[in-house]
Every structure is written in C-alpha cells, then in structure tokens.
Amino acid sequence: MINDASIKLLQNNNVLKGTTTIGVVCKDGIILATDTRATMGYFIAHKKAKKVYKIDDHIAMTIAGAVADAQTVVEILKVNSKLYKYERGEPIPVNAAARLVANILFSSRYLPLMLQAIVGGVSNGKSQLFALDPLGSLTEEKYVSTGSGSPIAYGVLETEFKENMSVKEALPVVLKAIKSAIKRDAASGDDFDVALITLDGGYRELNKKEKEELFKN
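Now the structure itself:
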C-alpha cells in the first residue's frame, strides 16, 4: 500500500503544480510548450528553467515536479533510447519510450517520484502524445496540459484546438494557451519554450527571434 507520506507528497501543490506544460498532436507532428519559471512555494527560484527535453530526433519530454526526480528520469530515458537504437538498429517507438517512463514511475509508487510528464514524438509515420502521473498511469492524448496553469491552458485548447490540424495551424493555439497561463497563473511565467517534432524535419526548438515574433501576435 502507498504510505501516508507518499499521499501527502502527491497532494503537495507546490511540488506538482508550479508550472505549465502543454502538448498537442498534429497531423504532421507534435508541439510541446512550457513556461520557464521554477518556484518554491511563493518564491521564484529560477526564471529560465528548462522543462522540455530532447530525447532523440523523434521524441521529446516535458517535466513538472521535483527537478532532481525529473532530470533523473530524463537521463534514464535518453540512455535507454540510445541503447535501443544501438541494439535494434532503429529508433525507439514513442509508445515504448512512454511505457518505459511509466514503468520507472510505477516501480517507485511506494515512495513516488515527484514528476508529471508528457512524452511525445513521431514514429512509423504517426504522431503520438502520452501523459504520465507520479504513480505511472499512462494515457494517450490528442492534447494535454499539466501544472497550476493547466486549467487556463485547457480553456484555450478545448475551445480552439481541432484534431488533424497541421503544426503550422496549431502553433498559434498552443502559444495562446501558454500565454494565457503565464498571464493568469502566478506559478507560471517569465518566458516560454516551444519544441516541434515533425514527420519530415525531426526535433527543433523555436529560437528567441521566432518566439518574440509569435509573442507579439
């Protein structure tokens, strides 16, 4: 059984919810977006926190929660992704990468890792997005948001996001969602990062100039 200490950790909003991360599935790839503010209660600990990580050219992961736990899981996933490619001669499928993260979280369920994650990417001509909670639950989604800014982000996504949008079509919707969360959620803010993974172009993050142009619109 999960002990009382684990339950209290899972209920601690400061640990799990002080951020905004977003992921959406498009017909030609996926978009992942995060804010860059790291908080400790009411204290802004960092204004340029990294919350989206490239795992391979076709997979990325967003993090929310305890930084040490999150970075450890990211590194485990990176290493296993490389090992899979070395042993099998092909990139790890997105669903397999997400299942690995789920297994890591589930194996620590009696003393949970403080991590909510989004794993997304493209493989076999298909875009996929998975949401994971600290106990290892795994769900495939068309769009998802985590963190304290997620209710605000969901308001935008549920109103404006449509299935089978292209990355180009969905990008303004994702930017509107992250901008709304940054404006209204005290634990989200400072800046934002956006990662695109497309079927024909692989992984790339928007540069500063691209973000500034998008933020103006």
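Remember, this note's numbering sits 1 above the position in the sequence shown when you count from 1. For glycine and all other residues, C-beta sits at the position ideal for the given N, C-alpha and C.
Judging by CA-CA distance, which residue of Glu211, Ala187 and Ile198 is the nearest neighbour of Ala39?
Nearest C-alpha to Ala39: Ala187.
Given this structure, state the Cα-to-Cα distance separating Leu200 from Val68, to the nearest angstrom.
Each residue's Cα considered, the two are about 30 Å apart.
Spatial distance of Tyr204 from Glu161 (CA atoms):
Their Cα atoms are separated by approximately 25 Å.
Inter-residue Cα distance where the pair is Ile32 and Thr22
Taking the straight line joining both Cα atoms gives about 11 Å.
Would you please state the rounded distance, in angstroms, between the beta carbons of Asp194 and Ala65? I believe it to be under 8 Å.
So it is not a contact: roughly 13 Å between Cβ atoms.
Are the segment 111-119 and the segment 130-150 touching, with three or more C-beta to C-beta distances below 8 Å?
Output reads yes: the segment 130-150 touches the segment 111-119.
Which residues bound the alpha helix (DSSP H) around Thr73?
Going by DSSP, Thr73 is part of the alpha helix (DSSP H) stretching over Val68 to Arg89.
Under a three-way DSSP split, which group does Phe162 fall into?
Phe162 falls in the coil class under three-state DSSP.
Counted within 10 angstroms of its Cβ, other Cβ atoms place Gly90 as buried (16 or more) or exposed
In the assembly as shown, Gly90 is an exposed residue. Its beta-carbon has fewer than 16 other beta-carbons within 10 Å.
Is the number of C-beta pairs between the segment 151-170 and the segment 43-50 that are closer than 8 Å three or more?
As far as the Cβ criterion goes, the segment 151-170 does not touch the segment 43-50, which means the pair count is below three.
Beta-carbon separation of Ser82 and Ile105 under 7 Å?
If you check the CB distance, Ser82 and Ile105 do not come in under 7 Å.
Suppose the cutoff is 6 Å on Cβ atoms and the five residues either side in sequence are ignored; what does the same chain contact list for Ser181 look like?
Excluding the 5 residues flanking it on each side, Ser181 has same chain C-beta neighbours closer than 6 Å at Ile153 and Val157, in chain order.
Buried or exposed, going by whether 16 or more other CB atoms sit within 10 Å of the CB of Ile183?
In this structure Ile183 is buried. Its beta-carbon is surrounded by 16 or more other beta-carbon atoms within 10 angstroms.
Since Met41 sits in a beta bridge, which residues does DSSP pair it with?
In the DSSP output, where bridge partners are listed per residue, Met41 has Phe44.
For Leu176, which residues of its own chain have a beta-carbon under 6 Å away from its beta-carbon, when the five flanking residues on both sides are left out?
Counting only Cβ-Cβ distances below 6 Å, and skipping sequence neighbours, we find Leu215.
Have a look at Pro135, Lys28 and Leu78 and flag the residue whose alpha-carbon is nearest the alpha-carbon of Glu171.
Looking at the sequence provided, one finds Ala at residue 171 rather than Glu. In terms of Cα proximity to Ala171, the closest of Pro135, Lys28 and Leu78 is Lys28.
For Ile183, which three-state DSSP category applies?
In the structure shown, Ile183 adopts helical secondary structure according to DSSP, grouped into three states.
Figure out for me which residue from Pro135, Lys210, Ile45 and Leu101 has the closest Cα to the Cα of Tyr111.
If we check each option's Cα against that of Tyr111, Pro135 comes out closest.
Quick one: what's got a C-beta closer than 6 Å to Val174's C-beta in the same chain, skipping five residues either side?
Within the same chain, Val174 has close Cβ partners Glu161 and Phe162.
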